[in-house]
Every structure is written in structure tokens, then in C-alpha cells.
Amino acid sequence: MGMEAGLVEQGREKVGFANKVGYVHKIIKKKKSSRRIKRTLPLVPKALQELFVSCRDIFKGPSTVPLPQDVKELCHIIDNMKPEDVGLSRDLQFFKPGNTIKGNPRVTYTTIYTCDNFSFCLFFLPATGVIPLHNHPGMTVFSKLLLGTMHIKSYDWVDHDTDNLDNSVPPSRLRLAKLKADDIFTAPCNTSVLYPTTGGNIHAFTAVTPCAVLDVFGPPYSKEDGRDCSYYKDHPYTAFKNGDILAAEEEKEQYGWLEEIEMPENSKMDGIEYMGPQIIDTC
34 MGMEAGLVEQ
44 GREKVGFANK
54 VGYVHKIIKK
64 KKSSRRIKRT
74 LPLVPKALQE
84 LFVSCRDIFK
94 GPSTVPLPQD
104 VKELCHIIDN
114 MKPEDVGLSR
124 DLQFFKPGNT
134 IKGNPRVTYT
144 TIYTCDNFSF
154 CLFFLPATGV
164 IPLHNHPGMT
174 VFSKLLLGTM
184 HIKSYDWVDH
194 DTDNLDNSVP
204 PSRLRLAKLK
214 ADDIFTAPCN
224 TSVLYPTTGG
234 NIHAFTAVTP
244 CAVLDVFGPP
254 YSKEDGRDCS
264 YYKDHPYTAF
274 KNGDILAAEE
284 EKEQYGWLEE
294 IEMPENSKMD
304 GIEYMGPQII
314 DTC
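Residue numbering for the sequence shown follows our numbering, beginning at 34 and increasing consecutively.
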């Protein structure tokens, strides 16, 4: 990617390196009385550890959705999280205004923690970087923009029979969806919650400036368990003859037809090892 970024060590020591976003632990090897002196790792940030403990208690596995009071608790924790809680700094070159990536602006991701019931991931989008329209089947997702400015577009499914559509796209691949968000967001902003069937479960990200996004998935993606990612292309509601499903003209702008497509080229991401503050797993 040609990305130059890094994460912050305790005491705000910044380390920059190309093509990776990670947290660097320096190990000092020094002969002194025939002993090796190793630099101690930083303490886990309180907010990150609280997030882990709450998720461990709240997420109960597939086919379950957190209770409203649990959603409120997680939102409170994530709303108050700062980039530094996952080792990021606003001062990194990657997040500086005007920083651009030449060529294909690929997205980078790293997994902070994962288990059968939930996972934490960070996504790094360079300016103009895109995560195409995709879904989160059977999952509840808490998403927070930690750094940058981003355009977010999201939909929820609307149950409707598409057999009578007069169009060139196979009806089985078209489905009516209601627009939930189509706006630009700038960090810091509140956590968004995507439920299995509501809240904008199908969404797309386009970075206006370099961005960092924290996503909490419960449960995580799993192809083996039927939670694989599908991709979509959205069409205006008026693009196809539809028997006047919606009577009011103003309503038509709030809906669209989603066509399932093959995995887009711009959906490919670069995965890197997470080297930030480590969660203390007390399970």
C-alpha cells in the first residue's frame, strides 16, 4: 500500500514503518551481570479491557442478539474509547491531512481479539479507500469511527416479491431495501449498531480522509457456520418497473434495489498482525 503508519508506545513514543499499522514492542538486549533486560509491555488500556469483559458476558453465541440494556452498556464503553486505547495516534503520518496513497488505495485490517462468540477488528482506509456494500448475516455489529472522515451508506432489507419486475437483471438477484444512512461522518462520533435484520446491516464505507474504524462483531464471520460475507450493487428504486409498490414519490428516494454480485476487486484487503495493547484474557 505504500502506507506509512504506526502505533503508539507507552509514554507516547511513536514508531513509524511502511506498509503496516502495528504496535511495536522494543526488546532491549543488553549484557549486564549475564542477564537479559527486557522492556516491559504496556498495561492494557482500561476501556479496551472493559470492552472485552463486557463482550465476554454479553455475547452468547450464534442466533442470539444482545438485550437492550447490554447494547446500551457496550455503546457507552465504545463511545468513550479513544484511538489511543487501541494504540493509535492522531499524529501518525497516515492520518495527516492530504496524505494520499498512490495507485490502488487498498484497505488494511487487523484483528485485536477473536473467539467463537465475538471479535474486535480495526480497519484502516486510506483516502478514497472503499469497503464495498456488504452484509453481516446473523450478526450484531458495533462500529465506531476512531479517526478521519468517512461516507457511510447503509440499507435494511424490505420483504417483497420481485417475481414481476420487468428488468434485465434476474429477479432472484434483486431485493428491495430501505436506505438507513447516506451521509458523511467525522470522528469522534457515536457508535452505530447493526442488528441481524435492522440498523443498516448492509453497508459501505468510503474514506474521505484516511480513517480508522473499530468494529465489534458478535458472533464473528464464519463461512463454516453460514455467516459468510455477500456483496451488493445498489440500483435506484425507479430503475425498474415495479407495479407502484410505493405510491408516494418522496418515499422512492428512501428505497433501492440491491443486486447480489461476486466479490468486487476493491473488496480485497491486506491483513496485518495486531501489535497493539494486549487484552488480558481471563477466561
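Ideal Cβ positions, reconstructed from N, Cα and C, are used throughout, including at glycine.
Nothing here was measured: the structure is a model prediction, and the numbers come from that model.
The beta-bridge partner set that DSSP reports for Asp267 consists of Leu291. In this structure, DSSP gives Lys256 a state outside helix and strand, which the three-state scheme calls coil. Between the region 116–123 and the region 263–275, the count of C-beta pairs closer than 8 Å stays below three; the two stretches do not touch. Counting only residues of its own chain and dropping the five nearest sequence neighbours on each side, Met172 has a CB closer than 7 Å to the CB of Pro229, Phe250, Gly251, Pro252 and Arg260. Contact annotation: the region 240–249 touches the region 148–165, with at least three C-beta pairs closer than 8 Å. Of Cys88, Arg206, Gln311 and Thr231, the smallest CA-CA separation from Asp149 is found for Cys88. Secondary-structure assignment with DSSP links Ser176 through a beta bridge to Ser225 and Asp248. Around the C-beta of Ser152, 16 or more other C-beta atoms lie within 10 Å, and the residue is accordingly described as buried. Our two residues, Ala80 and Trp190, have alpha carbons roughly 34 Å apart in a direct line.
Shown here, His184 sits in a strand according to DSSP, grouped into three states.
Three or more beta-carbon pairs drawn from the region 181–188 and the region 211–218 are found closer than 8 Å, and the two stretches are therefore classed as touching. Distance check between Glu298 and each of Tyr264, Gln311 and Gly309 places Tyr264 closest, using alpha-carbon atoms only. When DSSP states are grouped into helix, strand and coil, Ile164 belongs to the strand group. As the crow flies, the alpha-carbon of Ile91 is around 7 Å from that of Asp103.
Ranked by how close their Cα comes to the Cα of Thr143, the residues Pro78, Glu306, His184 and Glu293 have Glu306 in first place.
Boundaries of the alpha helix (DSSP H) around Phe85: Lys79 to Ile91.
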